[in-house]
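Q:
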Amino acid sequence: MNRMFAIEALARDLCQALRSLRGDHRSWIAIDEMQHCLGVDKATIVNAAVAYAAAKGWMAVGGTPAHSVLLAQGAP
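Structure below.
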């Protein structure tokens with residue numbers, strides 16, 4: 018599988034997982050919690066997917082270094 022396609026697919030999965038955890042309530046959630054929810058072992062892969070989703074405008078990222086995300090309206 019193409020690496021970029023895999024990151025995009027995980028970014029979409031992150032958006033869906035965030036939506037299922039928070040519903041219509043827009044609130045921040047820890048990236049670590051999202052990683053655990055998706056069952057992904059490597060934080061670097063999740064961080065790449067978060068960066069991809071943020072670049073697409075699908076979610077906002079909070080903290081330096083990033084520690085939480087907020088789903089944007091119009092995210093997949």
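Take the sequence shown: its letters are residues 18 to 93, numbered as in our numbering.
Just so it is clear, CB atoms sit at the ideal spot from N, CA and C, and this is done for glycine as well.
1) If we call anything under 8 Å between Cβ atoms a contact, is V67 one with V86?
2) So for A70, helix, strand or coil by DSSP?
3) Taking the alpha helix (DSSP H) that S37 falls in, what are its first and last residues?
4) What residues in its chain sit with their C-beta under 7 Å from that of I46, if we drop five residues either side in the sequence?
5) Report the rounded CA-to-CA distance for R43 versus L88, giving the unit in angstroms.
A: Reading it off the structure:
1) yes
2) In this structure, DSSP gives A70 a helical state, which the three-state scheme calls helix.
3) If you look at S37, you'll find it in the alpha helix (DSSP H) that goes R20 to R39.
4) L35, L38, R39, S85 and V86
5) 7 Å
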